[in-house]
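First comes the structure, then the notes that go with it.
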Amino acid sequence: MVNTKRERHATKTLNVTSVTEESVVNKDELIKERIIIAAFEQFSQYGIKSISMDYIARSIGISKRTIYDYFSDKEELLTEGINYYNRKRKEALIQIYKSTESALEAMFTFYTKVMENPRWYSGKFYDDLQKFPKAIKKLEEEKKIFADECLRLFTQGIEEGDFLQDINYEIVSLLLKKQQSMVHPPKLFANYSSVEVCDTILFTFLKGCCTEAGRSKLDALIAVRRGKL
0 MVNTKRERHA
10 TKTLNVTSVT
20 EESVVNKDEL
30 IKERIIIAAF
40 EQFSQYGIKS
50 ISMDYIARSI
60 GISKRTIYDY
70 FSDKEELLTE
80 GINYYNRKRK
90 EALIQIYKST
100 ESALEAMFTF
110 YTKVMENPRW
120 YSGKFYDDLQ
130 KFPKAIKKLE
140 EEKKIFADEC
150 LRLFTQGIEE
160 GDFLQDINYE
170 IVSLLLKKQQ
180 SMVHPPKLFA
190 NYSSVEVCDT
200 ILFTFLKGCC
210 TEAGRSKLDA
220 LIAVRRGKL
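Numbering follows numbering that gives the first Met the number 0, in which position 12 of the sequence shown is assigned residue number 11; successive positions increment by one, without gaps.
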């Protein structure tokens with residue numbers, strides 16, 4: 000049956016409304032993303048307590064009221080920021096899994112990608128974070144997911160012949176989870192760059208877990224990385 004003029008107008012109105020609502024949602028998501036990126040850029044360097052909502056707003060040219068339109072307080076901003084960066088991590092992992100041929104290569108590639116633009120959270124950041132229990136809970140949940148993913152990759156790597164079988168990889172995964180907090184190396188390593196410290200720790204760790212075949216693959220990956228640095 001042919002639509003009446005009124006029905007066609009109603010359908011057109013619904014379509015325009017749908018597009019408009021979608022545009023608003025996209026705009027809101029872009030604004031939230033800008034706020035999160037700006038906030039975490041400052042939090043990661045100077046801690047959370049010393050960075051005000053006013054300062055974050057000024058850094059991206061919006062009003063403080065606009066921030067409160069999207070986040071009720073600093074804790075919600077922190078919690079949603081943790082969610083945001085972990086979504087980005089998961090998206091990166093999915094792409095890495097598609098482009099690599101083994102668990103060992105996937106681990107190495109993900110680490111290399113993170114180090115291309117490292118987001119170093121200071122000790123001050125973690126000290127201040129203790130005052131925000133919801134954000135801490137979310138961070139611990141995400142760290143557990145990270146540790147579980149590491150364990151899955153180690154298990155896959157054993158099947159592929161790259162990792163030794165007689166190692167408790169649950170412990171290794173927990174150690175890697177813990178290492179996420181040591182992103183600003185202690186003063187003991189003051190004469191070395193953060194990248195060099197983290198490379199040394201992780202590569203030594205992985206070599207100890209590798210079979211002879213796995214170590215050869217890892218050495219080749221390390222050589223390529225060092226050639227690019």
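All C-beta atoms in this analysis are idealised placements derived from N, C-alpha and C, irrespective of residue type, glycine included.
The structure displayed is predicted, hence computed values, not measured ones.
6 angstroms Cβ shell around residue i - same chain, five flanking residues per side excluded
{"i": "K137", "result": "T78 and I81"}
{"i": "G156", "result": "A102, L103 and F162"}
{"i": "K48", "result": "D127"}
{"i": "F39", "result": "G80"}
{"i": "N85", "result": "E141"}
{"i": "A212", "result": "G160"}
Close-in-space but distant-in-sequence residues of the same chain around residue i (CB under 7 angstroms, 5 per side omitted)
{"i": "E74", "result": "F131, K133 and A134"}
{"i": "L230", "result": "For residue 230 there is no data in the structure shown, the boundaries of the chain being 0 and 228."}
{"i": "L92", "result": "F109"}
{"i": "I221", "result": "F202"}
{"i": "R224", "result": "T111"}
For residue i, the three-state DSSP class (helix, strand or coil)
{"i": "F131", "result": "coil"}
{"i": "Y191", "result": "coil"}
{"i": "S101", "result": "coil"}
{"i": "V1", "result": "Any reading at V1 must be qualified, since the residue scores a pLDDT of 48, below 50, and its modelled position is unreliable; no value is offered."}
Residues near residue i in its chain [Cβ-Cβ closer than 8 angstroms; skip 5 each side]
{"i": "T210", "result": "G160, D161, F162 and L163"}
{"i": "S62", "result": "A56"}
{"i": "Y54", "result": "Q41"}
{"i": "Q129", "result": "I135"}
{"i": "I95", "result": "A105, T108, F109 and K112"}
{"i": "I50", "result": "A38, Q41 and F42"}
Per DSSP, the bridge partner or partners of residue i
{"i": "F162", "result": "C209"}
Cβ separation of residue i and residue j, assumed to be a contact under 8 angstroms, to the nearest whole Å
{"i": "Y69", "j": "I34", "result": "6 angstroms"}
{"i": "K112", "j": "K142", "result": "Their Cβ separation, rounded to whole angstroms, is 19 angstroms, which puts K112 and K142 out of contact at 8 angstroms."}
{"i": "V194", "j": "F188", "result": "Not quite, the Cβ-Cβ distance comes to about 11 angstroms (not below 8 angstroms), so this is no contact."}
{"i": "I166", "j": "C208", "result": "6 angstroms"}
{"i": "M106", "j": "L152", "result": "6 angstroms"}
{"i": "S71", "j": "A37", "result": "Wrong, their Cβ atoms sit about 18 angstroms apart, outside the cutoff."}
{"i": "R214", "j": "K206", "result": "6 angstroms"}
{"i": "M52", "j": "I66", "result": "5 angstroms"}
Any chain B beta carbon closer than 8 angstroms to residue i
{"i": "G46", "result": "Checking the listed chains, one finds no chain B in this structure; it contains a single protein chain."}
Could you give the uninterrupted runs of the beta strand (DSSP E) lying entirely in the region 26–90, keeping only those of 3 residues or more? none
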